[in-house]
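Notes for the one structure printed next.
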Amino acid sequence: MEIFQIPLVLLLTILSANAQTSSDETLAMANDYLLPTSVVPIHYDIKLIPYLDDDNFTFDGEVNIKVRAEDVTDVITLHQNDTIIEESSVTVTDLITNINLIIVNQTYEALYHFYRLHLEENLLVGREYEINIKYKGYLRDDMQGLFKSSYTTSDGETRWLAATHFQPCRARRAFPSFDEPALKATFTVSIARTANRHALSNMPVVSMTGPDPDNGGYIWDHFKETPMPLSTYLMAFIVSDFTNLTSDNYLSLWQRQEAISQAEYSASVSLPLLRSLEDFTNLHFFLPKMDEVAVPDYQSGATEQWGLVTYRERNILFVEGVSTSSHKQSIAAVIAHEFAHMWFGNLVSPKWWDVLWLNEGFARYFQYFTLAEVEKDWRIEEQFVTAQVHTSLSADSVNTSHPMTVDVASPEQISAIFDTISYGKAASVIRMMEHILTPAVFRQGLHRYLINVGNSSADANDLFTALGEQFTEDVGPNLLDFQTIMETWTLQMGYPVLGVIRDYDSGTVTVTQERFLIRPATGGTDTHDYKWWIPLTYTTKTELDFVNTETRAWLNVTDTRATLTGLNVDRTDWVVFNIQETGFYRVNYDLTNWGLLADYLDSDDYSKIIPVNRAQIVDDLFNLARGGYLNYTVVLDLVKYLQREVDYIPWYAALTGLNYVERRMRGADEYDYAVFKSFLLKLLSTAYSVLGLEEASSDDHVTKLNRNQILTWVCKLEEPNCVQKAQEKFALHMADSQNNPIAADLKSVVYCTALRHGGEQEWNFLWNRFLAYSNVSTEQTLLLGILGCTSDETLAHRYMNLSLSNNSGIRTQDLSLVFSSVYNSHDIGVDFAINFLTSHHQLIKELNTRTMEIKGRFNDRDGTKTGSAAPALIDTIRKYDTSVNSALAFSLLRKHLLSIIAKMTFITIHRDDLVCHNSVNAVVSFISSLSGVVTKREQVDKLKQFIEDNQDALGSSAVTSATNTLVSAERNLAWLDAHAQTIAAWINATDTATVAPGGAPSSYSSTTIRLMLLLSTLSYNLEDVMTESRNTKSYLKIPLVLIPIILGVIADVRCQLSVDGYFEDEHIEYFETSLRRPTEYRLPGDILPLHYNISLIPDLDTENFTFTGEITIRFRGVKDTTTIVLHMNDTVVDEDSMIIRDLKSNLTISMIFTEYNEDNHFYTIHPGGFIYSGMEYELSFKYEGNLRDDMQGFFRSSYVTKDGETRWMAATHFQPCRARRAFPCFDEPALKATFSINIARTEDRQALSNMPVTSVSEPE
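If you want our numbering, it's the position in the sequence shown, counting the first as 1, plus 45.
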């Protein structure tokens, strides 16, 4: 798995998110990326020597792979990426005859990372062979593959280590391999190290050899062979000088020597978590040891390699009294998550990444429910609902979501689905399965599943079959078609909102279902009929049964509505559906039932509705109002009960919903916002009074969490007592910096409040604390999220500048915390961030490049540099020729130069097309982040002005992308216009709040972390839009041999788009939409234009400024299709004139209907028959349009003579995507055709086109 925290880089990839069924195209892509099945691995023997001293940072490797031929073939295909194979050393040996086969050629296909060995003769089916490959590589600095990391001791010494992060497709960066999850094999590993370091791998060390005097005194650690086959992504290697804390010589935690005491909590909880999982699955852990390693630099939160789990430091190290309760819970949860993977992901791996949720969904599920067995008073099962179910419902409520089972092909697509759907939604649906089946059946069914496919790979069918069989065995046959039910949840995106309409006379209830969307879909082509098998659970005021979660009725996929009888509910009783929110859906009641619930909650009996269902009611209400299903007055009528609420779970849900509303209201009239603030403080008053600002020794874990969330809001809303006490506590700390009187769980509140109301002295104090606590990752993380709270713009800019410097102590993985802490913390942070963007955009833009030299040579937009590619590359190599053999570098250059030239040529040919489809750079990312938090028109206007003022510097594609990101900002302003007055009027009418003296504070938007800013390079890839992570400053240190590799294999970064609800849904929607544009905006490719015959009549004299056109297009079918898709924009087709003709038979094909998609300018014609591959056709029709006045497409222009006469002319400007404005066409640069042009004109004008005039007709 990967527990993802804040993502390291912004992932730009192509993810098919309209995903009810797999398209043939996507399946074809997946097959393209899959290795051939003719050869399968049996065993790997890997030898590695990482060089960590003398700034070398390279590694030597050798791999022996035993394989078996499954089919006749003379080609062996493996994965390889970012390594340099010594081709002369490669051998393929027949293990029966012990004869080396003749290798006639070795080739590499960069897009798929395919390394092919072409043999002189076929392999024999069933025969085993051994492949031996020697290679070299570089220890990367982007925390992917085999990478380097470092830490600084208290004496100021930098210590280097090597670590791995292979999931999902990065093992190929450390050793050539069959790098797919289903292709399991056993492994033997040997690692060479210096005497002052040790090596770790999945298995224990079985022997050591050395030191080797001929190789720098390196010692070889030889590891025991794995007892079962592993997927390549589950292998791991660590070389470090870490110290271990061992619980029982079976489980060890490895970390920096100075941090060893910080591992004590993790050591105390790890073994109980492991034993709990063994007890649940009834299967013992399979390896002889378990190592857990705290890595200083780590891209994801943690990764579950079998027997060797790696963590980011903050996710495994804890200091009592310094680290917070939230950190403590997070650490235990991450460990539980990773350990769950030992069964779900490691023992049973996915057949392909399209069912990633079988890994991550179960790990996220057990992350909570295993931890609940170990930390019994943490109310983890209830926290699951607010942290996972609610977050997932939010993420899955946009029309650009994707199903749990989703077709993916490329590594980029695979990485993109490490998201809330594969984690949180999958875990929520798994929990729903448990309650449908009952816990006992579910548990036994999972055991059956693990036994059936253990040490192998699985898909969803394997899971559903095992659970269904267990249900049949335990409950009875033919009672539940489990697979059919569950596939409605796993194979289509989204989820239902259940409509509950009561008949108060008869006592019956009618339930309906429709897909819930946070905003209605517009302009889409998704015609899928979203319906689910919905398990219905409910109770009434009379029953008050919130324990029984067994399904009482089903709403199936064929019923638009169902009527429930026998509820025995009085007309004055309320009804609540979705007990304990075990179902993954929302509930919307009729207004009367909402009113009954509001009245009951605002009474002394409110607690009889359990906390989880109180949280469910609140969360559903806020989202129903936001989605337009209810008026906000319904929400306010109910949430006023929060004046009574003191429980953590409902308040968590309430503050999540209020967060969106409060951010929007900051842009309202000053008085209205002040009224709203006072209303919020009144809602919080009881909880604040009960919890207070002092921690008691008797406080349990959840009370501490609750106090933190309540005080965060109360102090943020500037309640005077809260602010004063926070300032007093901070002053005491400043007076005695060595003794901190502030409880760990209050630090974030106190620190942030002190910075909001303090100055440079307070800021410097906390910055120095950050530097002093370099040994405590959890404290540094907390401070990074706090230092942006300052109200001083100079300090905020200093902070952001520090994050971009080399020696500030802020790690690359933490940069997002810096920027989000500025624009999230308080009212004026957005303005600070916008101003920083305005004054530092050039620095931000530079972060978007791998290195300045390569940026200029590779980002070849105008094509002028292509001709000098070879000299430029040679010059680049010479510049870096400092520490590596230049002869080796130039031999590598020869290998990769053709690939480089081909890609640069591709850019030249398709540069307009690439511009049309936009690439998003770091500046655009920054603007996108800000667009989600702005609350005022002037802030939006500032961003628009910045884009306009910097068009030349940004480039046209970035300008387009940046402008598009402002959609969410405009949407937020529209929300304000639609709802702010309603909310303020309700508050005033109910007289529940008064404006405190002093009026309203300035407006700002608070938000959760949503977009990754400035963390690493974002660059254009040749195959649509991808990214490459490369820190510019670090890149400049890379030795020369890697340069041609980087240029030849340009894009291979795996990141995630949105994780665990950190991103707002509008950003998810924007980026998922924009990232799919390279697919959606491209024509299907099933038709090739051959010739256009165009006739145009521009009207320039009647001030009508229109034109009429007639076009005949001759085209050839490339593959069978039932549609003809062209580009069209700003023209109207006379469909009565349309003729489609088969040129071979000369028969006319009828036109059934047409449709137009304004978003991508697709004009789709549906003929009454097939367009067949290889056949030629003719399409003709008439159309008309307007001569534009914006100098784009077919436009009008004028000039004034010296006599004052205005004379009009028509001209065209089609580059890059505007020919479609003059004539419907296949408007992509690669779709070339010949043209015949006819233009009508008045006698006093002339017409010009690309070719000379051949004839002039008589005037008509």
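Note that CB positions come from ideal geometry on N, CA and C, so glycine has one too.
A308 places its beta carbon 7 Å or farther from that of Q350. Assignment of A1285 by DSSP, reduced to helix, strand and coil, places it in the coil class. Residue pairing by DSSP puts A1256 in a beta bridge opposite F1240.
Closest in C-alpha terms to S285, from the list L279, M273, E323, S246, comes S246. Non-local C-beta neighbours of F629 in its own chain, meaning closer than 6 Å and more than five positions away in sequence, comprise S473, V474, M477, Y540, ordered along the chain. Across the set K576, N260, Q754, the C-alpha of N260 shows the shortest separation from the C-alpha of D105. In terms of Cβ geometry, L140 and E107 do not form a close pair [threshold 7 Å]. In the structure shown, the three-state DSSP call for H210 is strand. Counting the other CB atoms within 10 Å of its CB gives A780 a total below 16, which places it among the exposed residues. Between A660 and I624, the C-beta gap is not smaller than 7 Å, which leaves the two residues out of contact. The beta carbons of D1165 and Y1217 sit closer together than 7 Å. Judged by beta-carbon spacing, T431 lies within the 7 Å limit of A698, meaning their Cβ atoms are closer than that value. Beta-carbon to beta-carbon, W599 and W578 are separated by about 6 Å, close enough to satisfy the 8 Å threshold.
Linking A789 to E405 through their CA atoms gives a straight-line distance of about 31 Å.
One thing to note: Y278 has its Cβ within 7 Å of the Cβ of A216. Under the 10 Å beta carbon count, I376 is surrounded by 16 or more other beta carbons and is classified as buried. Residues of the same chain with a CB within less than 8 Å of the CB of A207, apart from the 5 flanking positions on each side, are P95, L97, F104, L184, L191, F192, K193, S194, F282, I283, V284, S285 in chain order.
Assigned with DSSP and collapsed to three states, K111 falls in strand.
For the pair Q688 and L642, the CB atoms are not nearer than the 7 Å cut-off.
Rounded to the nearest angstrom, the gap between the Cα atoms of F667 and V706 is 9 Å.
Put simply, of T122, R113, S819 the residue whose alpha carbon is nearest the alpha carbon of L80 is T122.
Along the stretch 370-427, the beta strand (DSSP E) occurs as fully enclosed runs of 3 or more residues at 393-395, listed in sequence order. When secondary structure is reduced to three states using DSSP, P695 falls in the helix class. Counted as a single uninterrupted DSSP element, the stretch harbouring E323 is not any beta strand (DSSP E) but the alpha helix (DSSP H) occupying residues 309-326.
Around the CB of Q806, fewer than 16 other CB atoms lie within 10 Å, so the residue is classed as exposed. The alpha-carbon separation between Q412 and Y549 amounts to approximately 43 Å. Using a C-beta cut-off of 8 Å, the stretch 735-742 makes no contact with the stretch 456-471, since fewer than three inter-stretch Cβ pairs fall below that distance. DSSP, read as helix, strand or coil, puts L612 in coil. Every beta strand (DSSP E) stretch that sits fully inside the stretch 1132-1177 and reaches 3 residues is listed by chain position as 1132-1143, 1151-1162, 1169-1172. Membership of Y468 in any beta strand (DSSP E) is not indicated, and neither H nor E is assigned to it by DSSP. N809 sits in a helix when the DSSP states are folded into three classes. Shown here, G106 sits in a strand according to DSSP, grouped into three states.
Nearest to S252 by C-alpha distance, out of R238, A237, F268, P258, is F268. The residue among V747, F1198, R1161 with its C-alpha nearest the C-alpha of E427 is V747. For a cut-off of 8 Å, the C-beta gap from N633 to Y674 is around 6 Å, short enough to register as a contact.
For I1032, the enclosing alpha helix (DSSP H) starts and ends at 1012-1035.
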